[in-house]
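Visitor:
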Amino acid sequence: PLLDYFEDTYVGRNRTQGRAKPMFEIELWNMHQRTTDRLMRTSNSAEAWHRRLSSIMQCQHSTLWSFINNLENEERYIHCQLIKLNCGEKVEPNKKYLNYIARLRHLIMHPLPSILQQLEGVAHNL
Numbered sequence: 077p078l079l080d081y082f083e084d085t086y087v088g089r090n091r092t093q094g095r096a097k098p099m100f101e102i103e104l105w106n107m108h109q110r111t112t113d114r115l116m117r118t119s120n121s122a123e124a125w126h127r128r129l130s131s132i133m134q135c136q137h138s139t140l141w142s143f144i145n146n147l148e149n150e151e152r153y154i155h156c157q158l159i160k161l162n163c164g165e166k167v168e169p170n171k172k173y174l175n176y177i178a179r180l181r182h183l184i185m186h187p188l189p190s191i192l193q194q195l196e197g198v199a200h201n202l
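Every number in this note's numbering is 76 more than the matching position in the sequence shown, counting from 1.
#1: Going straight from the alpha carbon of GLN109 to that of LYS171, what length do you get?
#2: Is the Cβ-Cβ distance between ILE159 and ARG114 less than 9 Å?
#3: Here's a check: name, in chain order, each residue in its chain whose Cβ is nearer than 6 Å to the Cβ of GLY197, leaving out the five neighbours to either side.
#4: Assuming THR112 is part of the alpha helix (DSSP H), what are its boundary residues?
#5: On the three-state DSSP scale, how would you describe ASN170?
#6: Which same chain residues, not among the five before or five after TYR153, have their C-beta less than 8 Å away from its C-beta?
#7: Between the C-alpha atoms of GLU148 and TYR86, what's the straight-line distance to the nearest angstrom?
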């Protein structure tokens, strides 16, 4: 049942004339091309901003005025960051992240001999 779900939803059932069209096109969810093109694959930047905003608020349920004040401070910070970017300041990605991307890209560009080895290689890099 679980494999049937994945086949129907993401891959498409194997038919005599090839695979049936899945519920979601492969190009929609497959990250192979995005990885080889060195593009973002997740919404981590949005998640990071939400985590930053939570840490700025310093409590789960702040008062309305405290919330507005913190949002104004965050707006000023973001405005300064945009000015720096517009002036040409480069944003250097984390070295750990760059190494991770390089390993994944290498696995895609130079696949391992068996599917199991390839899956293990990808799994070790998650």
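For every residue, glycine included, the Cβ atom is placed at its ideal position computed from N, Cα and C. Nothing here was measured: the structure is a model prediction, and the numbers come from that model.
Guide: For this structure:
#1: 22 Å
#2: no
#3: LEU183, LEU188
#4: 108 to 112
#5: coil
#6: none
#7: 43 Å
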